[in-house]
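Q: I'd like to ask you about the structure that follows.
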Amino acid sequence: MKLTWRRANPNLGRMQMKQLTTLLLFLIGVMGGGILIGILTAPGDWYAALQKPFFNPPNWIFGPVWTLLYLAIAYVGWRLWLQPEQAILRGLWSLQMGLNFLWSPAFFAAQMPVLALLIILLLLGAISLFVRRAWQSDRLLAVLFVPYVAWVGFATALNAAIVFLN
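This is the structure:
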């Protein structure tokens, strides 16, 4: 039996490194953006004084939930980046990201729960449409956004209840 050595494809290593770098950039952009917005728009006395519904979760739950969701959002964005033929999904991903990052400044910084409710309704619609469209072409992307739809649906109900109670 003769052993032969094949030379590794140097382009494969560069492609893998480029993909990992791009994934890292998506993680930094999504996670970093979420952390920065969270720090800049941290709930303060105004939020503490609001009447909240009985189903309002404890404040400590938001950090871990958003961390997991942002990891999924970053991964989905990265996979879409590798699929240039997915222009519609890329557009929906970008739209939901913009709306996501807009909600906290509207709710906490501007202290405008009605405007925030409008933003979160648009966000919920964009994420839901993303899942519906992704289901046809890349089910993994759709499945990864299902918890995101559920959480934003819950957050929408919470936002609406705060508007109603206050």
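First residue of the sequence shown: 32, per the numbering used here; consecutive thereafter. For glycine and all other residues, C-beta sits at the position ideal for the given N, C-alpha and C. Fair warning: this is a prediction, and the values are worked out from it, not measured in the lab.
1) What first and last residue would you give for the alpha helix (DSSP H) that runs through Thr98?
2) Relative to the alpha-carbon of Leu113, which residue among Thr53, Gln127 and Gly65 has its alpha-carbon at the smallest distance?
3) DSSP state of Asn197, grouped into three classes?
4) If you run the structure through DSSP and keep just helix, strand and coil, what is Gln47?
5) According to DSSP, is Leu146 part of a helix, a strand, or is it coil?
6) Determine the burial state of Phe57: buried for a count of at least 16 other Cβ atoms within 10 Å of its Cβ, exposed for fewer.
7) In whole angstroms, give me the CA-to-CA distance for Phe195 and Phe185.
8) DSSP state of Asn264, grouped into three classes?
9) Measuring alpha carbon to alpha carbon, tell me which of Pro88, Val183 and Tyr78 ends up nearest Leu154.
10) Any idea if Arg110 is buried or exposed, counting beta-carbon neighbours within 10 angstroms, 16 or more meaning buried?
11) Output yes or no for whether 7 Å exceeds the beta carbon distance between Pro136 and Thr72.
12) Less than 6 Å between C-beta atoms, sequence neighbours within five positions excluded: which residues of the same chain meet that for Leu34?
13) Look at the alpha carbon of Leu175 and the alpha carbon of Gln142, and state the distance between them as a whole number of angstroms.
14) Reducing DSSP to helix, strand and coil, say where Ala79 ends up.
15) Return the Cβ separation of Tyr101 and Val61 in integer angstroms, given the expectation that the two are a contact with Cβ distance under 8 Å.
A: The structure says:
1) Phe93 to Trp112
2) Thr53
3) coil
4) helix
5) helix
6) buried
7) 15 Å
8) Absent from the structure is residue 264, since the part of the chain shown begins at 32 and ends at 197.
9) Val183
10) buried
11) yes
12) Bear in mind that the predicted position of Leu34 carries a pLDDT of just 48, short of 50, making it too unreliable to give a figure here.
13) 31 Å
14) helix
15) 5 Å
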